[in-house]
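Accompanying notes for the structure given below.
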Amino acid sequence: MRHAVVFGGTGAVGAAVLRALAARGASATFTYCRREDRAAELSRELGFRAVRLDLTDAAALRAFVGRMGAEEPAPAAAIQCAGTLDATPALELSDEAWDRSYASNARAAFLVARELGAFMARRGGGEIVLVGGLDRAQSLPVPVAFAASQGMIAATAMALAKELGPEKVRVNMVALGLLDAGLSSALGDDLRKDYLAFSALRRLGKPDEAARAITWLALHNTYVSGKVIPVNGGI
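In UniProt numbering, the protein residues as written are 1 to 235.
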């Protein structure tokens, strides 16, 4: 049975990924930061272990990875779904808000990829999937702090794929469009209207549609690496 670790398992996409993994016969450990009740509910539903973890705490993440393989099966795949979205306009955005967006999105993705990449390299390979959104969607007025962090995640995936490829570790980013749940709920009506106008499918996506692409990479991929894979309805 293939084992995965899912960071941010209590969010809309993270929970959909956990259910998709379970439906495909995989096992998983997942992390959460604040939503303890939701984590307990998912753990009961799916039989997966939940671990409280703040991804802005590099030492805590390192300790969590250090316990892998001893307390539970070693993961063959790591999926980073955790993140935040600050929709504050650029000219009103404080330095602190910019730093928070960077820490919870780009820095967290790098820390996960670095720690799990090192772990997987020691064990003969694996799959790292960094989940983001609206990467380089130039036709839409994406909030600047979020847009910048997603560009950094994409660059991280591409650069790390080259570095970790010789160790049989594949790294990709799945760049989601607007969904009908999760972080997309923080965006204004005008952006949603623009998105629907530019989207080839003229609708918002669903978390389970995102989960299908993510779990394919986690469970079945053998030759895709260093790519930003859009799942956005044709933006």
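Cβ atoms here follow ideal geometry from the backbone N, Cα and C, with glycine treated the same way.
From a predicted model like this one, the values you see are computed outputs, not experimental measurements.
Cβ-Cβ distances below 7 Å link Lys-206 to Leu-179, Asp-180 in the same chain, with the five nearest sequence neighbours on each side left out; the list follows chain order.
Cβ-Cβ distances below 7 Å link Gly-125 to Glu-167, Lys-168, Val-169 in the same chain, with the five nearest sequence neighbours on each side left out; the list follows chain order. The stretch 32 to 51 makes no contact with the stretch 115 to 124, as fewer than three CB pairs between them are under 8 Å.
Counting C-beta atoms within 10 angstroms of its own C-beta, Leu-91 has fewer than 16 neighbours from the protein chains shown and is therefore classed as exposed.
The beta-bridge partner set that DSSP reports for His-220 is empty. For Glu-127, the beta-bridge partners assigned by DSSP are Ala-77, Arg-170.
CA-CA distance, Leu-140 to Ala-97, rounds to 21 Å. Selection Arg-35, Gly-11, Pro-75 evaluated against Ala-4 yields Pro-75 as nearest (Cα-Cα).
The DSSP assignment places 95 to 101 as complete runs of the alpha helix (DSSP H) inside the stretch 63 to 116, in order along the chain (cut-off: 4 residues). Counting every other CB atom within 10 Å of its CB across the protein chains shown gives Ala-218 a total of 16 or more, marking it as buried.
For Arg-52, the enclosing beta strand (DSSP E) begins and ends at 49 to 52.
In the same chain as Glu-45, and ignoring 5 residues on each side of it, no C-beta atom comes closer than 7 Å to its own. Inter-segment contact for the stretch 78 to 87 and the stretch 6 to 22 is present: three or more beta-carbon pairs are separated by less than 8 Å. Boundaries of the alpha helix (DSSP H) around Ala-23: 12 to 23. Here Leu-160 carries a helix assignment [DSSP, helix/strand/coil]. Boundaries of the beta strand (DSSP E) around Ser-27: 27 to 32. Nearest Cα to Met-68 within the set Leu-55, Asp-57, Val-51: Val-51.
Nearest C-alpha to Ala-175 among Ile-214, Gly-132, Ala-210, Ser-185: Gly-132. The beta-bridge partner set that DSSP reports for Leu-176 consists of Gly-133, Val-231.
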